[in-house]
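Enquirer: Residue numbers (the working numbering), protein chains in the order written: chain S, 33 to 339; chain V, 2 to 272; chain P, 161 to 684; chain Y, 373 to 617.
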Amino acid sequence: MKRWWIRPLVRVVAACLLPVAVPAVITAFIWALPGDPASIICPPELCGGTAELAEAWNLDQGATHFYTTWMGAAMTGDFGNSWRLQPGVPVGELLASSIPWTAALVVLAFVPLLVGAAGAAARIIPRQVDAILQAVGLTPSVVLALCAAAVVTITYGAFAFDDEAMRVKLLLGALCLGLADQALSGAVTGVRGLMEEERKQRYVQIAILRGESVLSNTLPNTLGALAGQMRARLLHLLSGAVIVEVVIRIDGLGDLLWQGTLSQDFGVVLAAAFGFALLSALLLLLQALVEVATALHVRRSPAGVVS
Amino acid sequence: MNRKLAWALATLCFAVLFVPGLFAPEHLSPPDMANAYLGFSSAPPFGADASGRPLSEYAMQGARVVALPALLAGLLVVFLGTLGGLLACTGSQRAEAAAQGFGEVVGALPRMVVVLVVALLVPKDARSLLPIALTWAVLAAPGAMDEAAAVASRLGGARFVEALRAHGFSRARIYLIHIVGMNLRPVLMRQGVETMMQVVFLEIGLSYLAVQDSQPSFTHGDSEKSWADLLYFGYQAFLDIPSSHGLFLGLALVGVVALMSVFVTQAVRAR
Amino acid sequence: MKPTTRTLLTALGLAATATFATGASLTFYEESLPSSMNPLFASSMVDNRVHELVLDRIYHHDPITNELVSDVVERWELADGGKGVRLYLKKGIKWHDGQSMTAEDVCFTIDSMLDEGTPSPIAEKKRAVFAGCDAEKNDVALVKFVKIFHNPLNRLGIHILPKHVFGETAIRPDHQFSNRPVGTGPMKGSMGRRGVVFEKYKNVHHDPQIDQMTLQEGGDPLVQVRTLLNNGVQGIIAVPPPYRADVSASDELTLKSYDLRSWWFVAVNQEKAYLADKRVRQALNLIVDRTDLRQLSIGVKPGEQNSPCEFISGPFVQTSPYYNRSVPTQPRSDKEKAFLLLKEAGLKQVGGRWHYNGQPITMRIGMKAPLNNEAPDLLSQVGNQLGAAGFDRQEFRITVDDWNRKVLTGQATDYDLVVGKWSFGLVEDVNPLFHTRKDNRGALNIFNYANPQVDALLAQFDAARTDTEAKDAYHKLHEKLAEELPYLFLWKLDTKSAWRTEVRGNTISPYFYWTAFDSWKYGS
Amino acid sequence: MSALLELKGLTIAIPERNLVTDVDIEVHSGRITALMGPSGSGKSLSARAAMCFLDVDPGLKAGTLKYPALSGDKDWFEGVRDGGPRAQDRLLKETRHLRGAFVTYAPQAASSALNPARTVGRQLELAILRRESPPASPADLAQAVRECLEDVGLPHTASAALAGELSGGMAQRTALAVAVAPLPKVLIADEPETGLDPVLTRQIIELMIRVAQSKKCGMLLISHHEETVERVADDVVRLPPGGHG
């Protein structure tokens, strides 16, 4: 029997690698671009003596030096100042102000998924519903998002960034994210499929003959897979958030990444990607945690066993 | 739904969507103010844009933009999925660990981040959906590989192979026909088509964002129009501009893409 | 369409009520967010306008009388035998953080420009003007020039920066100031992710009537106008011509002209072998049908009276004294003539496509992406006309970044044609556009056009001591360029702002827009 | 003396044919009833029916099921006959409390019949807690677990093992232990010999009988081994092949 802790371990390792790897890739990409990084970030005719900037931004001593210094600073929560997007603003500030929006958006969008999944697992949601959910899920998020954006723009005009409008946008965004691209239907059908598959297992049938409850038997065996599915869904939402945030104009991480990308403000791009990587790593860790927890629960030696 | 019908419908959708791409004009035809904002009509059939250029040309160019990349992305996923399935049949611990490692790291990458980075990396002359689509396919692969592996191990993985060996089948035959052909096909086809659909939607998404900020598109040359341009043109209907026909056409195309994936999924359902 | 209309109207109703709730705070749409609030790193008209609200220039032209005046200088006198001016500053002027402005600050501004460590092209140009500065007293600054200028105050149109905020004279673009500047201007501003918020700052030299003002990025012009109509915003800095009709139709809005002398052009890359030949450039000039372009992109009907868009034959707007009226414009295309020229220049037409040295010509046409708002679809229309004339072509939208990084620095030589627009204030200095690139001259010479005769004319303008001399030089230049055609000159397109009628006393100054902001009022 | 379990005229059908037709089974306290028949004759099906577990469509056509010792003359199939899956599900829910506590099931091929995600000890605990008077304190529970293990001749250490980690014989013993842990009145043993070598089979079956007798419960032994049945059974029910009577 394969050692149970290998899978969670791999996940934990991956989770640790992710936030380190993503900025590394992007750094490599900055240096892969034609022209020297400093002048890409701040064109000579915008800021004449680019040499000073290169030095100030650690761009003058090659990719490795830049990466290590950036990482080092990032570890202490210092991401430097924005170069282009909002010159002079600490990127940390931008990050701090963005993550809550994205988190809120994704969590809001995830709630219906969770409910749906639970409903499917407990056989509350009838199969007939799936068809409807799937039909809705066929619309790409961008289409829903642009309708939402139109409504918001027309309704709020220049007040589209007031608290009320932002709340509305958050809800609409969550709705788009949750319904579009098969997010909800995927969660429902996925979980149902998993549970039905397990229900068919012989040990469950026998357990029924012994008068035990089905769920108490199947759950421990499916929890890992369920956690996996839920993580996949969350990731899906997370990456979907980029488009939804940009279209509906929510000041989240995705929008930050997009704006940073457009204005080639690599400080911001790095930080935003780092933020995403952190969130994704967090999900990995959670999944690993669930797996370990179930494994330990399963192995919890019963009362008064002298072994 | 009966398989033959499903296949027929899927093929029909595919043809309707992508074949026009082959006949797409390189540039939109010259403007004709007489047709400006012309709705669905006899000629041009799908109406015209603000300067009277037929929307059908938008649709065709959009088809050309997405057709090949989406197809290749789908194939890539199918290929990687097959790999995952076959790995599970080798029953080698190391192979499985490697597959999982790959899955964990790649699967955990925030897709849009990677896609945007790739989009930036592509030089503006070679700007095309293809690299983005392939990246997306690679990012989507772990899911397909997992599912294929699950199916394979439900077959009994290595034991299944051995059993068939005992019946005197050659390894190649077992892997290609019995495992891939007979058992993995439904999963792989579904995954492949879903990826195709995602790529098309991704293109619409990215292009739409570009149009919105009047930026050059990441996914196609600026002489070309994408389906997103249709949606953007149509979106103005919300602002009382007579361009709803653009919205309808755009949504219709999106709908057909979605239907195609539904039909394929129906068609390949395991018996 | 009907239901949409209804939802729209109800939506508008909603928005209207939403607006009046928020009181005397003013919101307006700009073309984009400023790229930096630090004048040393200004790179767009938006930047220039914003700086005018937040900071003070030492001297500026009065928007009405057009004479040189100052809000911060009490009086001045020549010094150093004409190589310097002594400025006596008004007393009691406060920075937005409450510190008082002194001669130290004036000198710091000049010193920071002179500091090589300040990576600013604007500062770089000033190094050819200023020699230094002494703060002689708390309120007396002696500004020294490198040479005697016949009107030194003209050279003092620079924004004053606060010494206490920066400390060192080497100023970097990513200093907090670029986002949350501290100035002495009428409004205190700070840039957020979605806009810039300005707050009234009463000062001895400024008494703004508007408490709060918000700048937001415009986006889709159609949406902008709709939002203005339903009072979602109170102003739009630049309304594209196609949408001006809606504005003037409404009695709640006023259309105000913004004297920004801007004209449009197609720059031609003479570094491409076949375009090096003047005849080919002239042929292109004949192929482009400006009347059609204008109609299809800007929406000006043929023969429309007082259209916002006048054709030009040279690098000036027709109202400018420098415009040479003896040079005719080219409103319609003349293909026959054009094709003759092309054939003379050795181009051959094979299967309807133009070839050069046996190779089919594919033109790479670029256009600054945001211009698409003002002249929708212009890029593809230019492409169409060239296509119809037998040139294969590829079209490219150029991002603002690429525009600044590549096009303006003369590195975009992979394009054959670039569609763009220049904007000028009262001083239409076209030297940077056409002078051969060397030292800090010809800084905006897109395709590194080099022509000794042109350089000579530009030098003649620089050396001019009287207006007539200057005018004469530029008239000759106009003539020369109209024949040389480093650009195909398209048209001047006047800029118009739209404001709600509740916004009163809103004098719009040429170029800088907000110079007379103190007189602006909002609300009944 | 009255029967513990009384199944009469059981007929279960699928659309094409009858799976079992008119089967009668009685189980008495302390006695072993053998249910015999070739594969596919519906032994397991009948046995499960005796536990109110009918998941066949349309399913129960005819027959009565009584647990005289428990519920006197109540016919548990009342309203289920011809009721289809829905009625059968209802029955299954209604009678859940009986399974384990009153009638229980020792499966064949036990290794695949045990929950892979539960230790032997845990399974026993759950089973023990289904007794009419479950042990009050953790200590008693632990004690009970140990007794159960001893009863089937498993070492205490087995308690910490997962199903997957057991050998065939141990799994079979575990399954038995889990089955009898709730002290049921009726034990249904489904082909205990499957997948075990003759020696082991013998041991297991003897163990079953011993345990069953020690717990004073009646036993329904499903088997197709003449020899086994000859040896141990008090009464024998023979099903015709193919379920046609």
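Cβ atoms here follow ideal geometry from the backbone N, Cα and C, with glycine treated the same way.
Since the structure is predicted, the reported quantities are computational estimates derived from the model, not experimental observations.
(1) Restricting to runs no shorter than 4 residues, where is the alpha helix (DSSP H) found entirely within the segment 594-665 of chain P?
(2) So with Cβ pairs under 8 Å, would you call T436 (chain Y) a contact of chain S?
(3) Please list the terminal residues of the continuous beta strand (DSSP E) segment that includes C293 (chain P).
(4) Assuming R186 (chain V) and I175 (chain V) are in contact, meaning their beta carbons sit under 8 Å apart, how far apart are those beta carbons, in whole angstroms?
(5) Taking only beta-carbon positions, decide if P612 (chain P) is within less than 8 Å of chain V.
(6) Determine whether the Cβ of I38 (chain S) lies closer than 8 Å to any Cβ atom of chain V.
(7) For a quick check, are the C-beta atoms of A489 (chain Y) and A547 (chain Y) less than 8 Å apart?
(8) Can you list the residues of chain Y that R231 (chain S) reaches, using a CB-CB cut of under 7 Å?
(9) Spatial neighbours of G40 (chain V) within its chain, please: C-beta separation below 6 Å, excluding the five flanking residues on both sides.
(10) Expressed to the nearest angstrom, what Euclidean distance is found between the alpha-carbon atoms of T196 (chain V) and A74 (chain V)?
(11) So, for V67 (chain V): in the same chain, excluding its five sequence neighbours on each side, which residues have a beta-carbon less than 6 Å away from its beta-carbon?
(12) Within the continuous alpha helix (DSSP H) that includes D162 (chain S), where are the two ends?
(13) Please state whether DSSP places R287 (chain P) in a helix, a strand or coil.
(14) Across which residues does DSSP place W133 (chain S) in a beta bridge pair?
(15) For the beta strand (DSSP E) holding F471 (chain P), just list the boundary residues, first then last.
(16) Starting from the beta carbon of S271 (chain S), find every residue of chain V whose beta carbon is closer than 7 Å, and list them in chain order.
(17) With 8 Å set as the bound, which would you pick, yes or no: does the beta-carbon of P279 (chain P) sit closer than that to a beta-carbon of chain S?
(18) Taking the C-alpha atoms as reference points, what is the distance between P462 (chain P) and P468 (chain P)?
(19) Measure the alpha-carbon distance for S260 (chain P) versus G252 (chain P) and round it to whole angstroms.
(20) On the DSSP bridge list, what partners appear for D552 (chain P)?
(21) Indicate whether A313 (chain S) and A219 (chain S) have their beta-carbon atoms separated by less than 8 Å.
(22) Under 7 Å: does the beta carbon of I280 (chain S) sit that close to some heavy atom of the ligand SAM?
(23) If the cut-off is 9 Å on Cβ atoms, which residues from the segment 285-304 of chain P count as contacting chain V, listed in chain order?
(24) Is the shortest distance between the beta-carbon of G286 (chain S) and the beta-carbons of chain V less than 8 Å?
(25) Should V571 (chain Y) go down as buried or exposed, given a rule of 16 or more other Cβ atoms within 10 Å for buried?
(26) Identify each residue in the segment 386-397 of chain P for which the Cβ-Cβ distance to at least one residue of chain S is less than 9 Å, and report them in chain order.
(27) If E588 (chain P) and R421 (chain P) are in contact, beta carbons under 8 Å, what's the gap, nearest whole angstrom?
(28) Counting only Cβ pairs nearer than 7 Å, list the residues of chain V close to T293 (chain S).
(29) Hey, could you find the ends of the beta strand (DSSP E) A561 (chain Y) is sitting in?
(30) Touching or not, the segment 122-141 of chain S and the segment 252-260 of chain S, by the rule of three or more beta carbon pairs under 8 Å?
(31) Could you give the distance in angstroms between the alpha-carbon of A533 (chain Y) and the alpha-carbon of M262 (chain S)?
(32) Report all residues from its chain with a CB closer than 7 Å to the CB of N445 (chain P); omit the five preceding and five following residues, and keep chain order.
(33) Give me the Cβ distance between G235 (chain V) and S244 (chain V), rounded to the nearest whole Å; I'm assuming they're in contact under 8 Å.
(34) Drop a sphere of 10 angstroms on the beta-carbon of L426 (chain Y), count the other beta-carbons inside from all chains shown, and report buried for 16 or more, exposed for fewer.
(35) Do the CB positions of S577 (chain P) and P592 (chain P) come within less than 8 Å of each other?
(36) Quick check: the Cα distance between D406 (chain P) and V385 (chain P), rounded to an integer number of angstroms?
Expert: The short version:
(1) 612-623, 627-644
(2) no
(3) 290-297
(4) Contact flag wrong, Cβ pair sits at about 15 Å.
(5) no
(6) yes
(7) no
(8) Neighbours of R231 (chain S) on chain Y: none; closest Cβ ~11 Å, over 7 Å.
(9) G48, H246
(10) 7 Å
(11) V201, E204
(12) 159-169
(13) coil
(14) None, per the DSSP bridge assignment.
(15) 469-471
(16) P111, R112, M113
(17) yes
(18) 13 Å
(19) 6 Å
(20) P:T522
(21) no
(22) As for the ligand SAM, it is missing from this structure, which has no ligand bound.
(23) none
(24) yes
(25) exposed
(26) R386, T387, L388, N390, N391, G392, V393, Q394
(27) 6 Å
(28) L117, L121
(29) 558-562
(30) no
(31) 30 Å
(32) Q490, L645, L648
(33) 5 Å
(34) buried
(35) The identity of residue 577 (chain P) in the sequence shown is Leu, whereas the question assumes Ser. Their beta carbons are not under 8 Å apart, which means L577 (chain P) does not touch P592 (chain P) by this criterion.
(36) 8 Å
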